[in-house]
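Just below is one structure, and these are the notes that go with it.
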Amino acid sequence: MAEYVGQPVLRYDGIGHVTARTRYVDDIQLPGMLYIKVLTSPVHKGIIRHLDTSAAERMPGVAGVITAKDVPGKNAYGLIPDQPVFTPEHIRYKGERIAAVAAVDEDTAMEALEKIKLDIEEQEPVFDPFKAMEPGAPLVRPEGNVWEFNSGKTRKIRFGDVEKGFAEADVIVEGTYTTATNDHAPMEPQVSVAYIDETDRLAIYTVSQDLYFHLGMLTAIFNLPMNKIRYIGGTVGGGFGSKNDIHCDHVAGLMALKIRKPVKYRHTRREETAYTTKRGPWTFYFKDGVKKDGRIIARYVKTVHDTGGYAGMGPYVVDKNSILVAGPYAIPNVWVDGICVFTNKPPCSSMRGFGIINGTAADQLQTARVAEAIGKDPWEVHFINAWREGDLGATQFKVEAAGLIEAMKRAAELAGIELPAHLKAMSSRGR
Amino acid sequence: MKKRGIGIAVGTHPAGLKGGGDPSQAQIRLKPDGTFDLLNGAVDIGQGCKTILRQLAADELDVPLENITHQNIDTDTGPMCTGTFASRVTFMDGNAVLAAAADLKKKIRDWAAEYFECSPADVEVANNKVFVKGVPEKSLSMAEVGAMVNWGGKFLVGTGAYTPGPGQQFDPETGKMTAIASLAFGCCVAEVEVDTETGVVDVLKLVQVFEVGKAMNRLLCKGQNNGGAMMGIGFGLTENVCPYYPTMDFAVQDLTDYVITTAADMPPVMVEDIVEVPHPNGPRGAKGYSEMTASLAGPAILNAIHNAIGVWITDYPATPERILKALEAAHA
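Protein sequences, first through last, are from chains A and B. Going by my numbering, the first residue of the first sequence is number 11, and it counts up by one from there. Going by my numbering, the first residue of the second sequence is number 780, and it counts up by one from there.
Below, the structure written as structure tokens:
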């Protein structure tokens, strides 16, 4: 019997990666390939009053200029498809795409961008999600600044009766926590190469983490069926969720469709840092009802997630956060209100952990403070409350193959911490 | 003054899309020399899916690992995969690969039953051979099978797909949402030294243990655990795109001011391990867990800072500026 599973088999493509044999997208050079640069908004919020690309188009070395007018299909993409490839009018964040130039090299493309005449009526932006929620705040979006879930302006999780839990608690512990905006900073910035292939199909070399997911979005933008796009990928120089969103393939594909020549669009590190989606910032308010023995019997959590100018995966991230923000604990009464707010910042979307990393960051400070408030060792609080097999989570899922207690015991052992005997006797298999 | 402290953090992480409904497919073809092509739509973003999906296929087909290629070149040839995100590929694509391998084995057995003139139930596919149970002379190497199948005008392709179940919506009133493919668990212990003059935090030791159901490949788990720790340390101590949030003032421009953890910043003592509570639906018991490797170091470090200096830093990251301000406020 072959038994490779469980063995420390060397990475299939590892030697290729570390000896520079792996061919990444930016390594691809096609004959006659042109380079793209993108004109982005210099302001945080505004309306495009006038856009004239004719001088750039006439410049020697320029092969083509595209704007919102050159999108044959739907000028919108994303998990929630609300972000235009090129904005036709409204600017919702500094760095939003307005036009793209393809030229013989990147320097020429940059020069051509300067020849584009752009007249923007600047408007007052809103950056603070709490201010954005106030009546009369500048509107990031015409429909309002707070995302509408199927449960209204908050994602509601209602499990048990938190008020009853607070009434029965010995101690109430409250806390507010924030997490920052994070960048994925992968080694390989976003890049795309597009050309019309020998069968007259649009071929795109991509760094996408999700070929089929993005293929679906691209068919809508290009107004082409799936089999008219040859989407080539599978080898990525780090993504961490940044390549869960399209950043270059739509621009490169639209340019190749228009000028019918091979094009490359790649981000510099500065463009990568300024314009790609981010892990969005959060504010968490926790209120716990705790018994003196360490049991958390009620947990109320209110979260505010700042998703920037477009939805991206923001509402999805709030949903995912809401499911697990109360932590890996058997808490009989949980109330979660998750709010997703638009502000005039680059859109936030997926990054390693999909909102759960942020929830864990807050929940673990709060739970440590619970231990402090009742004078218990944090290990005790984690062990007592940890999910056992068959426990229910806050959204009523059943915990299968529970293993937190086993992980904690091993971690304590490796850290040289001698746990008390009653904790060592515990198991995830029963309470 | 330099003060030392210890902190812990625990967590859980689900595999797959929130609400489920995220399928993956796989296809395995028998080549004329008895080797195999595994086609699959998952992208290897460095996590090593090309490696572990081959391990699963080799085990299920009971053939040498080097006899299996993995291809995910493009959407013309690669079967559908919802995507490489949400710690889902091991769980979803792993199950799809096992299903494809089982399907191919069945097709090989059916072909061999005709050739050996016996019932498919009597045909065994094992040890890179195809043979009739208990009849040693009725045995073919996989290379012979590959040649006879392909040059004989047949094409044996195993296909498989997996979905954790149909997509689910939240109940608008209660938030009920039961679509969780698997839950992995973890615990991190951090030891830090805080310089109360400068606010600088040194992470001296980091212990990370993850419960992963079944480790497909211990070497790749180690890579995830240590790589995740780097991101977790950055999350806890340095990484902030908008240092004057909520404004965009002095938003970072590049890696000069967006400070990520480098090899030089890693704690001198790094300990990692896995424990295994097999999941009933996971491929060979595996769960998805990799994203969680970045989740625990941050809160463990902030808890250790509190243990060292007695004040809570409640805003991530715990920069020297924030630590000094918190100390000042505590002593005011």
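Ideal placement from N, C-alpha and C gives every residue a C-beta, glycine not left out.
Using Cβ-Cβ distances below 9 Å, what residues of the stretch 1059–1077 of chain B are close to chain A?
Pro1059, Asn1060, Gly1061, Pro1062, Arg1063, Gly1064, Ala1065, Lys1066, Ser1069, Glu1070, Met1071, Thr1072, Ala1073, Ser1074, Leu1075, Gly1077
Examine chain A for any beta-carbon lying closer than 8 Å to the beta-carbon of Gly857 (chain B), and answer yes or no.
Working through the second sequence from its first residue, we reach residue 857 (chain B) at position 78. Judged by the 8 Å Cβ criterion, Gly857 (chain B) is in contact with chain A.
Glu972 (chain B) versus Asn354 (chain A) - alpha carbon distance:
Translated into positions along the second sequence, residue 972 (chain B) becomes position 193. Translated into positions along the first sequence, residue 354 (chain A) becomes position 344. Approximately 38 Å between the Cα atoms of the pair.
Are the beta-carbon atoms belonging to Val181 (chain A) and Asn343 (chain A) less than 8 Å from one another?
Numbered from 1 along the first sequence, position 171 holds the residue referred to as residue 181 (chain A). Numbered from 1 along the first sequence, position 333 holds the residue referred to as residue 343 (chain A). No, they are not a contact pair.
Neighbour list for Leu424 (chain A) in chain B, Cβ cutoff strictly below 7 Å:
Residue mapping note: residue 424 (chain A) aligns to position 414 of the first sequence, counting from 1. In chain order: Val986, Val988, Val1050, Asp1052.
Could you round the C-beta distance between Gln219 (chain A) and Gly862 (chain B) to whole angstroms and report it? I think they count as a contact, below 8 Å.
In the first sequence, the residue the question calls residue 219 (chain A) occupies position 209. In the second sequence, the residue the question calls residue 862 (chain B) occupies position 83. So it is a contact: roughly 6 Å between Cβ atoms.
Mind checking whether Met871 (chain B) and Ser961 (chain B) have CB atoms under 8 Å apart?
Reading the second sequence from its first residue, position 92 is the one you call residue 871 (chain B). Reading the second sequence from its first residue, position 182 is the one you call residue 961 (chain B). It is not a contact, given that the beta carbons lie outside the stated cut-off.
Under a three-way DSSP split, which group does Gln987 (chain B) fall into?
For the purposes of this step, residue 987 (chain B) is identified with residue 208 of the second sequence, where counting begins at 1. Of the three classes helix, strand and coil, the one that applies to Gln987 (chain B) here is strand, per DSSP.
How long is the line joining the alpha carbons of Leu877 (chain B) and Gly937 (chain B), rounded to whole angstroms?
For the purposes of this step, residue 877 (chain B) is taken as residue 98 along the second sequence, with counting starting at 1. For the purposes of this step, residue 937 (chain B) is taken as residue 158 along the second sequence, with counting starting at 1. Taking the straight line from one Cα to the other gives about 10 Å.
Hey, out of A:Leu375, A:Ala371, A:His315, whose CA is closest to Lys163 (chain A)'s CA?
Numbered from its first residue, the first sequence carries residue 163 (chain A) at position 153. For Lys163 (chain A), the nearest C-alpha among the options comes from A:His315.
Can you tell me which residues form a DSSP beta bridge with Ser51 (chain A)?
Residue 51 (chain A) sits at position 41 when you count from the first residue of the first sequence. Ser51 (chain A) is not bridged to any residue.
Can you give me the Cβ contacts of Gly795 (chain B) inside the same chain, cut-off strictly under 7 Å, excluding the 5 residues immediately before and after it?
Counted from its first residue, the second sequence places residue 795 (chain B) at position 16. These residues qualify, in order along the chain: Asp801, Ala865, Arg867, Phe870, Met871, Pro943, Ala960, Gly1067.
What does Arg289 (chain A) pair with, by DSSP beta-bridge criteria?
Within the first sequence, the letter at position 279 stands for residue 289 (chain A). Partner(s): A:Asn192, A:Ser359.
Please report whether the beta-carbon of Ile1080 (chain B) lies at a distance below 8 Å from any beta-carbon of chain A.
The sequence position of residue 1080 (chain B) within the second sequence is 301, counting from 1. No - not a single Cβ of chain A is within 8 Å of the one on Ile1080 (chain B).
Shorter than 7 Å, the distance from the beta carbon of Pro145 (chain A) to the closest heavy atom of the ligand MN, or not?
The ligand MN is not part of this structure, which contains no ligands at all.
Return the residues of the stretch 1016–1039 of chain B that lie within a Cβ-Cβ distance of less than 7 Å from chain A, sorted by chain order.
Glu1018, Asn1019, Val1020, Cys1021, Tyr1024, Pro1025, Thr1026, Met1027, Val1031, Gln1032, Asp1033, Leu1034, Tyr1037, Ile1039
Which residues in chain A have a C-beta closer than 7 Å to the C-beta of His1110 (chain B)? List them in chain order.
Taking the second sequence and counting its residues from 1, one reaches residue 1110 (chain B) at position 331. The premise fails here: His1110 (chain B) is roughly 19 Å from chain A at the closest Cβ pair, so nothing lies under 7 Å.
Runs of 4 residues minimum, wholly inside the stretch 341–405 of chain A: which ones carry the alpha helix (DSSP H) assignment?
366–383, 388–395
On the premise that Thr293 (chain A) lies in contact with Tyr1095 (chain B), defined as a C-beta separation below 8 Å, what is that separation, rounded to the nearest angstrom?
Against the second sequence, residue 1095 (chain B) aligns to sequence position 316. Against the first sequence, residue 293 (chain A) aligns to sequence position 283. About 11 Å; that fails the 8 Å criterion.
Just list the alpha helix (DSSP H) runs in the stretch 876–918 of chain B, keeping only unbroken ones of 4 residues or longer that don't cross its boundaries, in chain order.
none
List the DSSP bridge partners of Asn254 (chain A).
Start at 1 with the first residue of the first sequence, and residue 254 (chain A) comes out as number 244. DSSP output for Asn254 (chain A) lists no bridge partner at all.
In whole angstroms, what separates the C-alpha of Cys1021 (chain B) from that of Gly324 (chain A)?
Start at 1 with the first residue of the second sequence, and residue 1021 (chain B) comes out as number 242. Start at 1 with the first residue of the first sequence, and residue 324 (chain A) comes out as number 314. Rounded to whole angstroms, Cys1021 (chain B) to Gly324 (chain A) spans 18 Å at the Cα level.
By the 7 Å beta-carbon criterion, what residues does the stretch 357–372 of chain A contribute toward chain B?
Ser360, Arg362, Gly363, Phe364, Ile366, Ile367, Thr370, Ala371
Nearest to Ala336 (chain A) by CA position, among A:Ala321, A:Cys350, A:Val311, A:Gly348, is which residue?
As a first step, residue 336 (chain A) must be located in the first sequence, where it is residue number 326. Looking at the Cα atoms, A:Val311 is the closest of the given residues.
Less than 6 Å between C-beta atoms, sequence neighbours within five positions excluded: which residues of the same chain meet that for Ala213 (chain A)?
As a working mapping, residue 213 (chain A) is identified with position 203 in the first sequence. Answer for Ala213 (chain A): Tyr205, Asp207, Arg240, listed in chain order.
Cα-Cα separation between Val1050 (chain B) and Glu970 (chain B), rounded to whole angstroms:
By 1-based counting over the second sequence, the position of residue 1050 (chain B) is 271. By 1-based counting over the second sequence, the position of residue 970 (chain B) is 191. C-alpha separation (whole angstroms): 12 Å.
Using CA coordinates, which residue listed in B:Gly1002, B:Ile831, B:Lys993 is at the minimum distance from Gln987 (chain B)?
In the second sequence, the residue the question calls residue 987 (chain B) occupies position 208. Comparing Cα positions, the closest option is B:Gly1002.
Backbone secondary structure at Cys1000 (chain B) - three-state DSSP:
Position 221 of the second sequence, counted from the start, is the residue given in the question as residue 1000 (chain B). Residue state, collapsed to three classes: helix.
DSSP three-state assignment for Cys967 (chain B), whether helix, strand or coil
Position 188 of the second sequence, counted from the start, is the residue given in the question as residue 967 (chain B). Three-state result, Cys967 (chain B): strand.
Taking buried to mean at least 16 other C-beta atoms within 10 Å of its own C-beta, is Pro41 (chain A) buried or exposed?
Taking the first residue of the first sequence as position 1, residue 41 (chain A) is located at position 31. Per the 10 Å Cβ criterion, exposed.
Residues of chain B with CB closer than 8 Å to the CB of Lys47 (chain A), please, in chain order.
Translated into the one-based positions of the first sequence, residue 47 (chain A) becomes position 37. Residues of chain B passing the Cβ test: none, with the nearest at roughly 17 Å.
Name the residues in the stretch 387–418 of chain A whose C-beta lies less than 8 Å from a C-beta of chain B; which are they?
Pro388, Trp389, His392, Ala396, Trp397, Gly403, Ala404, Thr405, Gln406, Phe407, Lys408, Val409, Glu410, Ala411, Ala412, Gly413, Leu414, Glu416, Ala417, Met418
Interface flag, Gly992 (chain B) vs chain A, CB-CB below 8 Å
By one-based count along the second sequence, residue 992 (chain B) stands at place 213. Gly992 (chain B) counts as touching chain A.
If you count every other CB in all the chains shown that lies within 10 Å of the CB of Arg289 (chain A), and 16 or more means buried, which is it?
Taking the first sequence and counting its residues from 1, the one referred to as residue 289 (chain A) is at position 279. The residue is buried, with at least 16 neighbouring Cβ atoms inside 10 Å.
Using a Cβ cut-off of 8 Å (strictly closer), state whether Leu983 (chain B) contacts chain A.
As a first step, residue 983 (chain B) must be located in the second sequence, where it is residue number 204. It does not; no Cβ of chain A falls within 8 Å.
Start and end of the beta strand (DSSP E) containing Asp138 (chain A)?
Translated into the one-based positions of the first sequence, residue 138 (chain A) becomes position 128. Looking at the DSSP string, Asp138 (chain A) is not in any beta strand (DSSP E), and its letter there is neither H nor E.
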